[in-house]
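See structure below.
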Amino acid sequence: MNHHYRNNWNEFQWEREIRRDERRISCYFGELVSCLDLPGEEELIGGILGERPDLVPTGGPDVLRRERMFFRDGDDEDDDGAENTAPVRRGNAVDCLDALAVEWNLAVVSRLRSDAFLPGLGVGCAYAKLLARVADFIDADPASERGLKISLGKRALADLNDLIGGLRRLAGFQRSLGSEINSHIARLVQVREQLLDLLIRERSR
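Per our numbering: the sequence shown = residues 8 to 212.
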């Protein structure tokens, strides 16, 4: 099957596929609890997911191994030790989110109360998800993947808003982190403005 068959999808078709992908990821981790450490756990979970038509990606299960949006391996080293190509310049948004995620993880282990650990960990996971989403948005080829790029940009903005909401809820739960959380939110608002500008620019092409 030609792996470029999705290149003519619009943003709404990509949105449906991304939603399906997120349901699949959620189901995967739900099943992982009962399959962990069993022989062939990946095959067991894959079989369970394959029985759910609503979770199979458009184009069939083999798409999971071909489409970079699901399991990206572009950063892996070549087995033959070939020289790496120059890294893609992703801009300030990715660098800023990476720095914020590191700051937050340090705060979690050093300052977060034990009874606030789970929501604090949730914020860390939200940072990781947003960082991956923004990198995908910026890396997507505007010529061949315009629908995907726009859909990822919209998703990145939604994920960023969710992250800000999680930080605000945590600020009300542990007030001693208020100033640090406010600093994170202020910088996230700046990132949101950058992403919005990029998305508007992409839509105007």
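Ideal placement from N, C-alpha and C gives every residue a C-beta, glycine not left out.
| Query | Result |
| --- | --- |
| Alpha helix (DSSP H) runs wholly inside the stretch 122-206, at least 4 long, in chain order | 124-146, 153-180 |
| Buried/exposed call for ALA142, threshold 16 Cβ in 10 Å | buried |
| As assigned by DSSP and simplified to three states, the class of PHE19 | helix |
| CA-to-CA distance, SER33 to CYS42, given in whole angstroms | 15 Å |
| Whole-angstrom C-beta distance between ARG194 and ALA163, which should lie under 8 Å | With a Cβ gap of about 15 Å, ALA163 and ARG194 do not count as contacting. |
| Residue interval of the alpha helix (DSSP H) (run including LEU6) | Residue 6 cannot be examined here, being either before or after the span of the chain that is shown, 8 to 212. |
| Stretch pair the stretch 168-180 + the stretch 127-138: three plus CB contacts closer than 8 Å | yes |
| With 16 other Cβ atoms within 10 Å as the buried cut-off, status of GLU50 | exposed |
| With 16 other Cβ atoms within 10 Å as the buried cut-off, status of LEU128 | exposed |
| SER211, DSSP secondary structure in three states | coil |
| Nearest candidate by alpha-carbon position, reference ASP122, set LEU203, PHE180, LEU107 | PHE180 |
| SER158 versus PHE144, ASP169, LEU167, residue with shortest Cα-Cα distance | PHE144 |
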